[in-house]
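Read through the structure below, which is laid out as structure tokens, and then see the notes.
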Amino acid sequence: MSSVLDQRPAPTAAGLRPALPKRRTRVLALPESRWALAALVLFLIALPLDLLGAPAWLWAPLYAAVYITGGWEPGREGLKALRNKTLDVDLLMVVAAIGAAAIGQVLDGALLIVIFATSGALEAVATARTADSVRGLLDLTPTTATRLLPGGEEESVPADSLTVGDTILVRPGERVGADGQVLDGAGDVDQATITGEPLPVAKQAGDEVFAGTINGAGALRVRVERDPADSVIARIVKMVEEASKTKAPTQLFIEKVEQRYSIGMVIATLAVFAVPLAFGSALQPALLRAMTFMIVASPCAVVLSTMPPLLSAIANAGRHGVLAKSAVVMERLGQVDIVALDKTGTLTQGTPRVTDIRPEPGSGLQEDGLLALAAAAEHPSEHPLARAVVQAARERGLTLAEATGFTSAPGAGVTATVGGRTIQVGSPTRLVTADGQDICSAVQALEDEGRTAVLVRRDGTPVGVLGIADRLRSDAKATVAALTELTGQAPVLLTGDNERAARQLAAEVGITDVRAGLLPQDKVSAVRQWEDEGLCVLVVGDGVNDAPALAAAHTGIAMGRAGSDLALQTADAVVVRDELAAIPAVVALSRHARHLVVQNLVIAGIFITALVAWDLIATLPLPLGVAGHEGSTVIVGLNGLRLLRDAAWNRAAKEGTVRRSV
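Okay, so the sequence shown: first residue is 2 according to the working numbering, each after it adds one.
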């Protein structure tokens, strides 16, 4: 165990670059956002003028401007799709809006344009923010590194110019410039960004280190083993980008039948117009019948069948601490077949704590005495284990004696003089002596339980051992049980932590499938294997190392408080308050929303069928057709809004906990 308080110098230009502002695209920097905002502002100006009975010359130009500013881009994309011999809802919505205006329903058409423009802007913002986070990940790697020349001289070089076989010097407090192997030296390296391990890992000659990880105390000489462009951190960036691009575009239920519906509606509208003309009908009645048909057959009610339940579920989940980034995400959450959970920062809080205090028999120390002795020696250290020991002593209200002569040895521990006695606290493998069989048994027992063992010696004699472990979230066990009920199988633990600690924690929460010691690409491989089997995978994580799996999964959820920027932007949803119990609740809520979507589609289908049949068989008056069309829209909208109530969340939370949702 080492101290970074007394021995770590300030980062130099050769190592860690100065803190950089977060890369974040401004919303209005995107053209989609500017056009959508313009359409919304114009609509809000025109709406009161129209409703208050102002002259048409005041509000009509404003509505026209809404159509232009908000509709030109969806229209352009729709025409591009048309050139590729496909029809999409964007083009139909623009045509429907124009058709509505042509028969006097200018307000309805403008509202439709605003909704679609806003949706497109939100999608553009989400895409840009994800790209920002991926680019920001590159800031984890240093811009320069200290390369050692054959004669022993040092030179500062750009990190991306390093080649395999180069030797670099990593000073205390610096970031490692490239993936490589330690030639000599020792240090505690924080590699949480790569593996997710909650504690720094002791490194010595022969150990592997990764670019972008932070060296604690102790200098390291590292031989570069990978080209910087192929480092683990660079591969994380590539995996996130590739997963985001190749992830099959999620489609809402209605979009799955979009092509057939669109083509059928266009053909039918043309037929309703052309057939009467062919049989001698006058132009105006034929056109009126065709426009009425287009209005009553338009997919507005069908689209609204899908959106209100999902948007209501999003709003309800947001009030209860879960931010789903889109309606597509909310729909996907209800399709989950299997859940993969990260360990550190997800099932645990990511902060180590003292769990065991075991004085050595014959040492004359009780638990408080042993803890006070260790905490006094550790007090000057900034190592995470040292902070855990000191915090435990404070929680017990212990008074710490003053420590003098504090020193630390990377990977070994600290030494200090407390009350005139030499106290050593650190790694049992470095501090235990050949005759310390009893203490070895205590250390082994703690490590078998998944704890990190910390040995305490007084004047060279072992006097006790402390057990330290990450803090399990209070709702972890209940969440695992609820997810098991919802999906029909227990979640899987995917972690970069060591096998023993992972299995110990898994046993506590009820997980049997444990995959430990994983790098980011290993987590992605596991996710893709499940999806190749036809399973919809939900990944829950918080770190940079989880981001590729979050991007590759059918759905990804990030823990909000401790989550890295990349994880938060890559994930489809965020648990803002870090309440694990909200995850099964939002899955159950999504399933309720999907049920309402089906109900609404049935209602919309009945209305459309009845109105279309009326228009074709008899003569459907245009005002009655509009009223029927708008009435179906209101009905499905109100039905979807049922999920806004707190009762809907409470029901979902209860259902996710008590029994499997069907």
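Beta carbons are placed, not taken as given, at the ideal position from N, Cα and C, and that holds for glycine.
All figures in this text were calculated on a predicted structure; none of them were measured in a lab.
If you scan the region 270-321 from start to end, which runs of the alpha helix (DSSP H) of 4 or more residues do you find wholly inside it? Correct list: 284-298 and 301-320.
Quick check on this structure: which residue in ALA111, VAL158, LEU386 and ALA212 has the alpha carbon closest to the alpha carbon of LEU41? It is ALA111 whose Cα lies nearest to the Cα of LEU41.
Specify the secondary structure class of GLN252 as computed by DSSP and reduced to three states. With a pLDDT of 49 at GLN252, under the threshold of 50, the modelled position of this residue cannot be trusted; read the value that follows with caution. Three-state result, GLN252: coil.
Could I get the ranges of all uninterrupted alpha helix (DSSP H) runs contained in the region 348-402, with 4 residues as the minimum, in chain order? Fully enclosed alpha helix (DSSP H) runs of 4 or longer: 368-379 and 385-396.
Member of SER327, PRO492, THR496 and VAL464 whose CA lies at the smallest distance from the CA of ALA358: The residue you asked about is not Ala; residue 358 is Ile in the sequence shown. Nearest C-alpha to ILE358: VAL464.
For ILE114 versus GLY72, is the C-beta distance shorter than 8 Å? Closer than 8 Å, so yes.
Helix, strand or coil at VAL665 [DSSP, three-state]: Absent from the structure is residue 665, since the part of the chain shown begins at 2 and ends at 663.
To the nearest angstrom, how far is it from the Cα of GLN182 to the Cα of VAL210? Using only the alpha carbons, I get a separation of about 6 Å.
Grab the span of the alpha helix (DSSP H) containing ALA39 for me, first residue to last. Counted as a single uninterrupted DSSP element, the alpha helix (DSSP H) harbouring ALA39 occupies residues 32-52.
DSSP three-state assignment for PHE407, whether helix, strand or coil: The answer is strand: DSSP assigns PHE407 an E or B state.
Local conformation of ALA552 per DSSP, three classes: DSSP places ALA552 in helix when its eight states are reduced to three.
On the CB-based measure, 16 or more other CB atoms within 10 Å of its CB, does PRO173 come out buried or exposed? It is buried - the Cβ of PRO173 has at least 16 other Cβ atoms within 10 Å.
On the DSSP bridge list, what partners appear for ASP189? Paired residues: ALA203.
May I have the straight-line CA-CA distance separating GLY535 from ALA470, to the nearest angstrom? Those two C-alpha atoms are separated by around 37 Å.
Three-state secondary structure (DSSP) of ASP547: ASP547: helix per DSSP, three-state reduction.
Extent of the continuous beta strand (DSSP E) run through VAL177: Counting along the chain, VAL177 sits inside no beta strand (DSSP E), nor does DSSP assign it H or E at all.
Using only alpha-carbon positions, find the residue among ALA341, THR145 and ALA272 that is nearest to LEU667. The requested residue 667 does not occur in the structure, where the chain is confined to residues 2 to 663.
I'd like to check one pair, THR356 with ARG452: are the Cβ atoms closer than 8 Å? Yes, the pair counts as a contact, with Cβ atoms nearer than the cut-off.
GLY319 versus ALA325: straight-line alpha-carbon distance, rounded: Approximately 7 Å between the Cα atoms of the pair.
How many Å lie between GLY335 and ARG652 at the Cα? Their backbone Cα atoms lie some 15 Å apart in a straight line.
Quick check on ALA653: does DSSP put it in helix, strand or coil? Residue state, collapsed to three classes: helix.
In chain order, what residues of the same chain have a beta carbon less than 6 Å from the beta carbon of ARG643, not counting five sequence neighbours either side? Taken in chain order, the list of residues that qualify is empty.
Cβ distance (whole Å) where ALA568 is taken to contact ASP543 below 8 Å: Contact between ALA568 and ASP543 holds: CB atoms are separated by about 6 Å, below the 8 Å threshold.
So, is ALA648 buried or exposed, given that buried needs 16 or more other C-beta atoms within 10 angstroms? ALA648 is classed as exposed because its beta carbon has fewer than 16 other beta carbons within 10 Å across all chains shown.
Skipping 5 residues on each side, what residues in its chain have a beta carbon closer than 6 Å to that of ALA654? Beyond the five residues adjoining it in sequence on each side, ALA654 comes within less than 6 Å, by CB distance, of ALA586 in the same chain, given in chain order.
Buried versus exposed, by CB contacts within 10 Å (16 or more), GLY188: That one is buried.
Excluding the 5 residues preceding and the 5 following GLY186 in the sequence, name in chain order all residues of the same chain whose CB lies nearer than 7 Å to its CB. The beta carbon of GLY186 is closer than 7 Å to those of GLY219, ALA220, LEU221 and ARG222 in its chain, skipping five residues each way along the sequence.
Report yes if the C-beta distance between PRO201 and ASP191 is below 8 Å; otherwise report no. Yes, they are a contact pair.
Can you pull the DSSP bridge partners for MET560? VAL576.
When the cut-off is 8 Å and only beta carbons count, does THR307 lie next to chain D? Checking the listed chains, one finds no chain D in this structure; it contains a single protein chain.
Just to confirm the assignment, what range does the beta strand (DSSP E) spanning GLU155 have? Unbroken beta strand (DSSP E) run through GLU155: 155-159.
For the region 417-424 against the region 371-382, are there 3 or more C-beta pairs whose distance is under 8 Å? At 8 Å Cβ cutoff, the stretches touch.
What separation, rounded to the nearest whole angstrom, lies between the Cα atoms of VAL525 and LEU494? Approximately 13 Å, taken between the alpha carbons.
First through last residue of the alpha helix (DSSP H) which encompasses VAL525: Per DSSP, VAL525 belongs to the alpha helix (DSSP H) from 521-533.
Identify every residue that forms a DSSP beta bridge with LEU642. DSSP output for LEU642 lists no bridge partner at all.
Near VAL337, which residues of its chain fall below 8 Å by C-beta distance, leaving aside the five closest residues on each side in sequence? Only LEU487, THR488, CYS537, VAL538, LEU539, HIS555, THR556 and VAL588 meet the Cβ criterion.
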